[in-house]
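First comes the structure, then the notes that go with it.
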Ligand SMILES: NC(=O)c1ccc[n+]([C@@H]2O[C@H](COP(=O)([O-])OP(=O)(O)OC[C@H]3O[C@@H](n4cnc5c(N)ncnc54)[C@H](O)[C@@H]3O)[C@@H](O)[C@H]2O)c1
Ligand SMILES: NC(=O)c1ccc[n+]([C@@H]2O[C@H](COP(=O)([O-])OP(=O)(O)OC[C@H]3O[C@@H](n4cnc5c(N)ncnc54)[C@H](O)[C@@H]3O)[C@@H](O)[C@H]2O)c1
């Protein structure tokens with residue numbers, strides 16, 4: 001426990017990934033300030049789709065954490081996309097060593113619902129990121145920015161070549177057909193407006209790293225599964241979100257709740273989509289490793305793939321069916337995406353930093369299933385189907401009953 | 001003159017490129033509607049830096065055009081970045097065949113002035129573009145979108161390889177070192193927040209072309225010089241903008257006004273920067289060619305380089321000095337950019353469509369010089385120096401007295 005670990009500002013620290021990260025960094029000695037506008041809670045109300053687990057209010061959460069850990073976490077309610085002056089003043093006051101940026105609308109189906117949600121997602125996510133970068137350069141604060149990106153920026157039309165960590169070596173035909181080697185940002189192929197915003201974020205980071213010398217780590221995260229971490233288990237008021245609705249529920253957690261309530265596991269299309277996964281406990285560990293390993297000033301944006309394993313969706317469904325006895329049902333796919341794809345991803349950089357991946361076989365699947373069973377009476381089955389169509393002309397009767405990825 | 005040419009909506013049609021485009025398309029038979037929020041005029045007031053040429057109000061301009069041409073142009077005052085509903089309703093009412101999108105904050109130095117201008121540029125430009133794309137897909141209008149991008153997205157760190165039109169052929173190392181060919185969007189390297197927004201726009205276009213089948217042409221335009229076109233010459237009230245201030249003045253026009261008022265031509269750094277240029281008359285012709293050659297539905301975004309020649313800045317200065325007898329003064333560069341670069345650009349696609357480029361040698365340089373001389377008494381010398389520093393820590397005494405590019 002490093003008692004003089006640096007101050008950390010966690011933007012979006014009330015959310016599914018941000019909250020356990022805040023607790024973990026607090027537990028290892030960082031002075032933590034959470035910034036959040038509570039928009040995730042507001043969207044849950046708007047959708048009428050609450051976390052399966054009961055989420056305490058911010059004051060209750062913080063009080064519980066003080067009680068069990070003796071540590072204090074600050075909480076500032078602020079919209080970083082809209083209140084630039086508030087954000088800049090806060091940065092200047094706290095002067096954190098690290099800013100971790102989770103504050104984006106992160107559900108792909110929500111981002112495709114209609115004009116309002118498309119526009120909100122772009123406006124919120126781009127201005128949140130850009131305000132942070134402008135504020136750091138204007139306040140003159142050399143804080144390390146850690147941003148949560150997504151594996152989805154790479155796209156899933158992969159040809160089986162390994163996806164590198166952000167940068168790709170390519171060759172150009174030069175004079176007299178000599179091959180010239182170049183290192184480029186991996187060309188993105190985002191599959192939804194949400195994923196698109198992460199591709200846009202990448203270009204913002206490239207520019208501000210180059211022009212203003214900002215130190216930035218972008219974590220291209222896989223689909224997060226699980227609910228609890230070491231720290232959220234310490235008190236019922238610390239419990240983490242478990243979203244299972246058609247917008248925010250991600251595939252594995254949603255199979256688990258479907259199994260718990262006796263609903264067939266709904267697989268989109270053939271289930272041939274391969275995706276990358278990570279357990280929430282590893283999310284938290286990876287972010288701590290990223291905090292401890294900032295790039296030097298003047299270095300290019302450091303991109304790390306934050307995932308531990310890949311699975312084909314129908315194999316995941318089969319695994320959950322095997323453990324639980326649930327049935328599998330194949331439904332039409334509301335997304336425009338490749339029906340089948342391979343996915344080979346490098347995650348060397350976290351392994352080199354010492355990450356010991358938690359995999360699906362590690363028993364946490366049954367812990368997550370237990371949570372699904374414990375709160376099954378809070379489940380509203382009508383919230384499970386995804387209502388967003390990727391394209392206006394997709395037949396309404398093709399609306400399927402689950403969404404694949406975050 | 002095609003009398004039944006389709007209806008065209010021109011967003012940003014009150015500006016330097018948009019206004020002569022509107023007149024030209026009207027003159028060849030298109031029903032033209034201009035949409036503009038007059039923000040360019042407001043920024044000129046805010047900066048206290050007016051066009052060298054006196055710009056009539058929109059009603060005066062439209063009345064003059066009716067008088068000389070007999071044609072009517074509609075004008076709607078609307079902020080496309082902020083009033084999504086107004087934009088969607090307008091698209092639905094006019095149902096244009098083509099939408100030409102000029103409506104962005106386009107000055108690189110202005111975009112680097114400070115937090116307010118950085119944030120305004122990103123917020124305005126991204127939401128303008130995104131609102132248009134969302135509105136088209138939501139209204140269900142299969143209009144051809146023509147967007148004005150910039151050569152600046154390619155970056156100017158070039159190694160002398162020819163810059164293709166938007167897409168680059170690269171090779172990847174596949175299994176057993178076999179080289180696999182891929183066609184990717186040219187990796188961007190924007191040199192200012194303004195240029196950055198054009199890189200972001202590109203990703204928005206890629207997504208909406210793919211997901212919603214929108215038909216999009218993105219024109220990567222060089223630095224525009226000159227003032228008048230065939231149509232703007234027809235009446236004094238139709239005269240086009242001539243910006244020469246440190247924010248909006250682009251390099252060649254600014255050399256010409258410097259020469260006209262007896263000020264030395266201020267060259268940044270060594271003047272070794274090579275840039276691409278196009279005369280405003282060719283801008284207008286290129287856009288008409290783009291209107292007549294839309295991509296088919298389902299095609300990828302069509303990217304065309306809209307430029308006719310490249311010049312090294314010090315050569316341009318020497319050329320203007322030779323014609324006018326002006327002196328040249330080398331000053332510190334406020335921008336972060338390569339001191340010297342080569343630039344080889346493909347503009348095959350417009351040449352193939354029949355463009356006959358107007359070059360600097362074509363006498364229009366002296367027309368532009370004559371306009372500078374005619375209005376020299378309107379010139380405010382104090383507005384010429386660029387006040388924006390690319391980076392906060394650039395010494396204030398390094399503030400130079402001109403800006404290189406748009
Ligand atoms: N959950 C996943 O499977 C997953 C996978 C890959 C990447 N990510 C990324 O990780 C990050 C966090 O995801 P999550 O699952 O915790 O999402 P979440 O929605 O639970 O948390 C995001 C938090 O940010 C807050 N927020 C949003 N906009 C804000 C603003 N303008 N100002 C202040 N606060 C704002 C929300 O209120 C919420 O508490 C996101 O950027 C997401 O894209 C998540
Ligand atoms: N001038 C050049 O040298 C040059 C070079 C390359 C590319 N371009 C591009 O061409 C386009 C036009 O450039 P220009 O020189 O005519 O610029 P300009 O500033 O003269 O014209 C832009 C027009 O758009 C309007 N506008 C801006 N935001 C708007 C909004 N939200 N809603 C409605 N109207 C809005 C402004 O009022 C202005 O009339 C720009 O996108 C620019 O980036 C220009």
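Protein chains in written order, with UniProt numbering: chain H, 1 to 406; chain V, 1 to 406. Virtual Cβ for every residue (Gly too), placed ideally from N, Cα, C.
- Counting only unbroken stretches of 4 or more residues, the alpha helix (DSSP H) elements lying wholly within the region 234 to 267 of chain V are 251 to 260, in sequence order.
- Ranked by Cα distance from residue 360 of chain H, the options H:392, H:373, H:323 are led by H:323.
- Legend: CB atoms of the region 377 to 395 of chain H lying less than 9 Å from CB atoms of chain V belong to residues 390, 391, 392, 393.
- A direct Cα-to-Cα measurement between residue 105 of chain V and residue 256 of chain H gives close to 49 Å.
- A residue is called buried once 16 or more other Cβ atoms fall within 10 Å of its Cβ, and residue 296 of chain H, having fewer, is exposed.
- Cβ neighbours of residue 39 of chain V within its own chain (closer than 8 Å, five residues either side excluded): 79, 105, 124.
- Beta-bridge annotation (DSSP): residue 292 of chain H is not paired with any residue.
- Within the same chain, and ignoring the five residues on either side of residue 58 of chain H in sequence, the residues whose Cβ sits closer than 7 Å to its Cβ are 14, 75.
- The residues 255, 256, 259, 265, 326, in chain order, have a CB closer than 7 Å to that of residue 320 of chain H in the same chain once the five nearest residues on each side in sequence are set aside.
- Here residue 120 of chain V carries a helix assignment [DSSP, helix/strand/coil].
- For residue 174 of chain V, the residues of chain H that pass the 7 Å Cβ criterion are 161, in the order they occur in the chain.
- Just so you know, the alpha carbons of residue 393 of chain V and residue 248 of chain V end up roughly 23 Å apart.
- For residue 305 of chain H, no alpha helix (DSSP H) run applies; the uninterrupted beta strand (DSSP E) run containing it begins and ends at 302 to 306, by DSSP.
- Legend: CB atoms of the region 112 to 143 of chain H lying less than 8 Å from CB atoms of chain V belong to residues 114, 115, 118, 119, 122, 123, 126, 127, 130, 131, 134, 135, 137, 138, 140.
- Residue-level contact by beta carbon holds for residue 200 of chain V and chain H, with a gap shorter than 8 Å.
- One finds 170, 171, 172, 173, 179 in chain H with Cβ atoms closer than 9 Å to the Cβ of residue 171 of chain V, taken in chain order.
- Taking 8 Å as the threshold, the shortest C-beta distance from residue 156 of chain V to chain H does not fall below it.
- Residue 135 of chain H has its alpha-carbon roughly 37 Å from the corresponding atom of residue 389 of chain H.
- The beta carbon of residue 188 of chain H sits closer than 8 Å to some beta carbon of chain V.
- Judged by DSSP in its simplified three-state form, residue 198 of chain V adopts helix.
- For residue 317 of chain H, the enclosing alpha helix (DSSP H) starts and ends at 313 to 324.
- Distances from the alpha-carbon of residue 175 of chain H to those of V:159, V:189, V:171, V:180 put V:159 closest.
- Residue 273 of chain H and residue 337 of chain V have their alpha carbons spaced roughly 43 Å apart.
- In the DSSP assignment, residue 171 of chain H falls within the unbroken beta strand (DSSP E) covering 167 to 173.
- Pairwise C-beta distances place the region 342 to 362 of chain H in contact with the region 283 to 301 of chain H, as three or more of them are shorter than 8 Å.
- For residue 217 of chain H, DSSP records a beta bridge to H:146, H:302.
- In this structure residue 382 of chain H is exposed. Its beta-carbon is surrounded by fewer than 16 other beta-carbon atoms within 10 angstroms.
- Contact between the region 180 to 192 of chain V and the region 227 to 247 of chain V is absent, with fewer than three C-beta pairs closer than 8 Å.
- By the 16-neighbour rule on beta-carbons within 10 angstroms, residue 372 of chain H is buried.
- When only Cα atoms are considered, residue 207 of chain H and residue 193 of chain V end up about 8 Å apart.
- For residue 183 of chain V, the enclosing beta strand (DSSP E) stretches over residues 179 to 185.
- Within chain V, 188, 190, 196, 199, 200, 203 have C-beta atoms less than 8 Å from the C-beta of residue 203 of chain H, given in sequence order.
- Nearest CB-CB separation between residue 184 of chain H and chain V: below the 8 Å threshold.
- Close to residue 211 of chain V, with beta-carbon spacing below 7 Å, are these residues of chain H in chain order: 336, 390, 391.
- In this structure, the C-beta of residue 45 of chain V stays at least 7 Å away from each heavy atom of ligand 2.
- At a cut-off of 8 Å, the C-beta of residue 207 of chain V has a neighbouring C-beta in chain H.
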